[in-house]
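Line by line, the protein sequences give chains A and B. Reminder that position 79 of the first sequence reads as 80 in the numbering used here, one-by-one numbering, no gaps. Reminder that position 86 of the second sequence reads as 87 in the numbering used here, one-by-one numbering, no gaps. Only one structure is covered here, and it is reproduced in the block below.
2 protein chains.
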Amino acid sequence: MGDIFKALADPTRRHILDELTDRDGQTLFELCGRLAMKHGHASTRQAISQHLELLESAGLVRTRREGRYTFHHIDPEPLRNLTARWTAPQREEQ
Amino acid sequence: MGDIFKALADPTRRHILDELTDRDGQTLFELCGRLAMKHGHASTRQAISQHLELLESAGLVRTRREGRYTFHHIDPEPLRNLTARWTAPQREEQ
DNA sequence: TTGACATGCAAGTAACTACTTGCCTATCGT
DNA sequence: ACGATAGGCAAGTAGTTACTTGCATGTCAA
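Shown next, in the form of structure tokens:
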């Protein structure tokens, strides 16, 4: 639950989600390249890989291995109604 | 923008928002007491105060001074459509 | 099968964050 | 005015986090 907010707290991870929203199912290298181009990220491959691990453990990204490629898919489902407990008239603590 | 996600990344700050949603306009001491009771928080007054500062700088809490009391009000407006860029069909990078 | 490509694993480092501690200011009731 | 209440300021500390570096594993094409 709180893992989702922690995952979203980092700008690089938000850029990764942006990238996957723009083009789902990218590999690690693909993401590195596009992040460097679009957002000026100079992060190494390992840095992005660790961010992807964290996003996966938060349930926001799912991984599909195929041969030597690993495709990353965004799962926006946990993001729905994430802040409803504070915006909605009815509160739902957890 | 990212300040909002950072603010929400901490469980104590989420509990503070829960408390203010339940009962808006609490003072610092009031919040400390109710957090200790409901959520088992043993945090000191200063800890809660610093969390409130961060929530205020993120635009989620507004402060109203009245005599020696400082009332804290939740502003859920920044939380609306916070994750829309990933859940909606149309993306909006920032 | 050999080399190149795509990725994973793990330890170390620098920066950040939550929290504490100690002291100070301001307001109110008596 | 005095004590009590409500809160603020600032430095220090322990734990966390993002990132790097170096090496290892697995897959594919020629």
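Just so it is clear, CB atoms sit at the ideal spot from N, CA and C, and this is done for glycine as well.
Residue-chain proximity (residue i, chain B), Cβ-Cβ < 7 Å
i	result
E10/A	Here residue 10/A turns out to be Ala, not Glu, going by the sequence shown. Yes, its Cβ sits closer than 7 Å to a Cβ of chain B.
F72/A	no
F6/A	yes
G3/A	yes
Minimum C-alpha distance to residue i - residue among the options
i	options	result
Y70/A	H42/A, F30/A, D25/A and E20/A	F30/A
A43/A	T13/A, R81/A, L18/A and L9/A	T13/A
T88/A	R15/B, R35/B, L53/B and K7/B	R15/B
G68/A	T28/A, D76/A and L83/A	T28/A
H40/A	F6/A, P77/A and L18/A	L18/A
Close-in-space but distant-in-sequence residues of the same chain around residue i (CB under 6 Å, 5 per side omitted)
i	result
G60/B	P79
D4/B	A59
R35/A	E20
Span of the alpha helix (DSSP H) around residue i
i	result
E20/A	P12 to D23
Q51/A	R46 to S58
T88/B	A85 to T88
E31/A	L29 to H40
A8/A	G3 to L9
Start-to-end residues for the beta strand (DSSP E) that takes in residue i
i	result
T64/B	V62 to E67
T71/B	Y70 to I75
Chain-order list of residues whose beta-carbon lies under 7 Å from that of residue i (same chain, five-residue window excluded)
i	result
C33/B	R46 and I49
L83/A	I5
Contact set for residue i: own chain, Cβ-Cβ below 8 Å, skip 5 residues either direction
i	result
H74/A	L21, D25, G26, V62, R63, T64 and R65
Near the ligand NAD: residue i beta-carbon under 6 Å from a heavy atom
i	result
E31/A	Of ligands this structure carries none, so the ligand NAD is not represented either.
Contact residues within the stretch 11-22 of chain A, judged by C-beta distance below 9 Å to chain B: D11, P12, R15, H16, L18, D19, L21 and T22
Between the stretch 77-90 of chain A and chain B, which residues of the former have CB atoms less than 8 Å from a CB of the latter, in chain order? P77, L80, R81, L83, T84, R86, W87 and T88
Which residues, taken in chain order from the stretch 48-75 of chain B, show a beta carbon closer than 8 Å to some beta carbon of chain A? I75
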